Amino acid sequence: MNGWSNRETWSMVTWGFNDFPVEDFSSILENEDMDSLDKIYEIAKSMEDNFISYTDDLYPKLTNASNAVSELFMTAVNKVDWIEIARHWYDDNV
6 MNGWSNRETW SMVTWGFNDF PVEDFSSILE NEDMDSLDKI YEIAKSMEDN
56 FISYTDDLYP KLTNASNAVS ELFMTAVNKV DWIEIARHWY DDNV
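Each residue of the sequence shown is one higher than the last, beginning at 6 in my numbering.
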């Protein structure tokens, strides 16, 4: 899907980052005890956590409910390749 591994990842890159603030990852980048792969992993985890937290604040029934819409949403979020997104972010910012 436009160079991304799947539609969910493409959708997050295309639309998701327009809707929620991306954290400043400078503290991760400046950590000299981490190699680049560890930094990418930490950035990916932060991106996922931030997106879930942001979504939960706006739409608590979407992320914390037991219903079809919540299940479909979380299934899509779980298919996002956060490592792929973080790797692209890292390559663009380092």
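Every residue gets a Cβ at the ideal spot worked out from N, C-alpha and C, and that includes glycine. Since the structure is predicted, the reported quantities are computational estimates derived from the model, not experimental observations.
Count the C-beta pairs between the stretch 26 to 43 and the stretch 64 to 71 that are closer than 8 Å, then say yes if the count reaches three, no if not.
No, the stretch 26 to 43 is not in contact with the stretch 64 to 71.
Going by Cα to Cα distance, which pick from 12, 82 and 45 is closest to residue 97?
45
At the level of alpha carbons, what is the spacing between residue 13 and residue 90?
Residue 13 and residue 90: Cα-Cα distance of roughly 11 Å.
Where does residue 15 land, buried or exposed, given buried means 16+ other C-beta within 10 angstroms?
buried
Looking at the secondary structure, which residues open and close the alpha helix (DSSP H) in which residue 15 lies?
Where residue 15 is concerned, the enclosing alpha helix (DSSP H) starts and stops at 12 to 16.
Whole angstroms is fine: what's the gap from residue 84's alpha carbon to residue 78's?
CA-CA distance, residue 84 to residue 78, rounds to 10 Å.
Check for me: the alpha helix (DSSP H) holding residue 73 runs from which residue to which?
73 to 84
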